[in-house]
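These notes are about the structure you will find just below.
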Amino acid sequence: MCLAIPAKVIEIKGDLAKVDFGEGVKREVNIMLVEAKVGEYVLVHAGYAIQVLDEKAAEETLSLWNEILKYEPTQ
Numbered sequence: 023m024c025l026a027i028p029a030k031v032i033e034i035k036g037d038l039a040k041v042d043f044g045e046g047v048k049r050e051v052n053i054m055l056v057e058a059k060v061g062e063y064v065l066v067h068a069g070y071a072i073q074v075l076d077e078k079a080a081e082e083t084l085s086l087w088n089e090i091l092k093y094e095p096t097q
């Protein structure tokens, strides 16, 4: 199963962007496949931004993920 997670672009340097997945999780991803700008949301899969999302869609998806994760057993 493949998974892609929305993240907010907070900084861009060439083909790389620093993105925020929420909850303090920030990562560097490759944005060469999309035309993303700081402040926009991108869908990230395997370290690559594969699509630019509108803010409403991204926030709805993140909200659903957070709801699912509440029921994830902790170890």
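If you use my numbering, the sequence shown corresponds to residues 23 to 97, in order. Every residue gets a Cβ at the ideal spot worked out from N, C-alpha and C, and that includes glycine. None of these values were measured; they are calculated from a predicted model.
Residue burial annotation: residue 28 is buried, with at least 16 other C-beta atoms found within 10 angstroms of its C-beta.
CA-to-CA, the gap between residue 86 and residue 79 works out to about 11 Å. Minimum Cα-Cα distance from residue 25 among the listed residues 67, 36, 47, 45 corresponds to 67. Boundaries of the alpha helix (DSSP H) around residue 84: 77-92. The alpha-carbon separation between residue 31 and residue 57 amounts to approximately 11 Å.
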